[in-house]
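> Once you've had a glance at the structure underneath, I'll fire off some questions.
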């Protein structure tokens, strides 16, 4: 046995070993709640993802396999002929171009008008600005159907009927209230000291807007564009009302070309066309989803 190197006084003053941390033990009720929440999230994801997976798989099935077999089974034969037929049956490429023009044009108009309106209401401020903001928000509850006949008459008088602008203008107008709300909610949490310091340096409203407000609003801009692009890309009401020629048809109208005589529908080609039109928007959403979430949270939290 070896003697201890510590004296009795040192042994008494030695610090005790740190206690081991134990993992918190949750009650059975908490574990049951977490399990139920996890199962609910899994069920929601399956409900959302399954239609997309089924649509993609069906677009590779032959027409005979889809008509004669189980429509929900895996394809027994794989083919790319549906995609070839999708482009040859209708003007799918032209429809995509028209949808891109309408979506980009309306998105630019929504962002520019929404940012300027929110900047004037929230940052600059003026008398009865709260009333004006409330009037903007009332536009959220206005149904789009009530504007179809008046707009059709006005467009026919000024020569805007059957143009891209006939779709861009109403789509941007009905999306503007929500854009003003999102931008105003974000501008509310920008420190006023930043604007005051810029004003003391001689910056006017236009310089403050372009050099301070606009760079800070990038996440909110992405959020506004993505949220509205989904509805603009899939719009059918305005396009069906104001578009008269085949050369200006967007994707929702172009999908009608796959319905033949007596209501016969080329389902596999239609599913292939839908896959082609959904994929670009889905990829953009997946790439920019973090910025979108950050933009939605910026109006709810400060910092």
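Residue numbers (my numbering): 767 to 1069.
Quick reminder that beta carbons are idealized off the backbone N, C-alpha and C, glycines included.
Rounded to whole angstroms, what's the CA-CA distance from residue 879 to residue 942? Just pull it up for me.
7 Å
> Leaving out the 5 sequence neighbours to the left and right, which residues in its chain are closer than 7 Å to residue 865 when beta-carbon positions are compared?
999, 1016, 1017
> Measure the C-alpha to C-alpha separation of residue 863 and residue 838 and round it to an integer number of angstroms.
About 32 Å.
> In the DSSP assignment, find the alpha helix (DSSP H) that holds residue 978 and state where it starts and stops.
From DSSP, residue 978 is part of no alpha helix (DSSP H); its letter is neither H nor E.
> Can you tell me whether DSSP reads residue 1028 as helix, strand or coil?
Per-residue confidence for residue 1028 stands at a pLDDT of 43, beneath the threshold of 50, marking its modelled position as unreliable; the derived number appears in the next sentence. Looking at residue 1028 - three-state DSSP - the assignment turns out to be helix.
> Could you check if residue 912 is buried or exposed, using at least 16 other CB atoms within 10 Å of its CB as the buried criterion?
exposed
> Does residue 1054 come out as helix, strand or coil in the three-state DSSP assignment?
helix
> Could you check where the alpha helix (DSSP H) with residue 844 kicks off and where it finishes?
Run containing residue 844: none; DSSP gives neither H nor E here.
> Mind checking whether residue 848 and residue 989 have CB atoms under 8 Å apart?
no
> What are the boundary residues of the alpha helix (DSSP H) that residue 907 is part of?
Unbroken run through residue 907: none, as it is neither H nor E.
> Taking just the CA atoms, how far does residue 857 sit from residue 892?
Between the alpha carbons of residue 892 and residue 857 lies a gap of roughly 50 Å.
> Going straight from the alpha carbon of residue 1005 to that of residue 918, what length do you get?
11 Å
> Going by the beta-carbon positions, is the gap between residue 1093 and residue 947 smaller than 8 Å?
Residue 1093 lies beyond the range of the chain shown here (767 to 1069); nothing can be said about it.
> Spatial neighbours of residue 1014 within its chain, please: C-beta separation below 8 Å, excluding the five flanking residues on both sides.
864, 928, 929, 930
> Can the beta-carbon of residue 852 be found less than 8 Å from the beta-carbon of residue 937?
no
> Count the other CB atoms, across all protein chains shown, that sit within 10 Å of the CB of residue 894; report buried if there are 16 or more and exposed otherwise.
exposed
> For my contact list, residue 979 and residue 885 are in at a C-beta cut-off of 8 Å; report their separation, rounded to the angstrom.
6 Å
> Exposed or buried, what is residue 767 when buried is set at 16 or more other beta-carbons lying within 10 Å of its beta-carbon?
In this prediction, residue 767 has a pLDDT of 46, which is less than 50 and means its spatial position is unreliable; nothing more can be read from the coordinates.
> Given this structure, state the Cα-to-Cα distance separating residue 951 from residue 801, to the nearest angstrom.
35 Å
> How many Å lie between residue 1071 and residue 984 at the Cα?
With the chain running from 767 to 1069 in the structure shown, residue 1071 is simply not present.
> Cutting at 6 Å between CB atoms, please list the residues of its own chain near residue 828, excluding the five before and the five after it.
843, 845
> Apart from the five residues just before and just after residue 964, which ones in its own chain have a Cβ nearer than 7 Å to its Cβ?
Within the same chain, residue 964 has close Cβ partners 974, 978.
> Following the continuous alpha helix (DSSP H) through residue 817, name the residue where it begins and the one where it ends.
794–824
> Would you call residue 825 buried or exposed, if buried means 16 or more other Cβ atoms sit within 10 Å of its Cβ?
By the neighbour-count rule (16 or more Cβ atoms within 10 Å), residue 825 is buried.
> Pick out whichever of 807, 820, 795 has its Cα sitting closest to the Cα of residue 1041.
820
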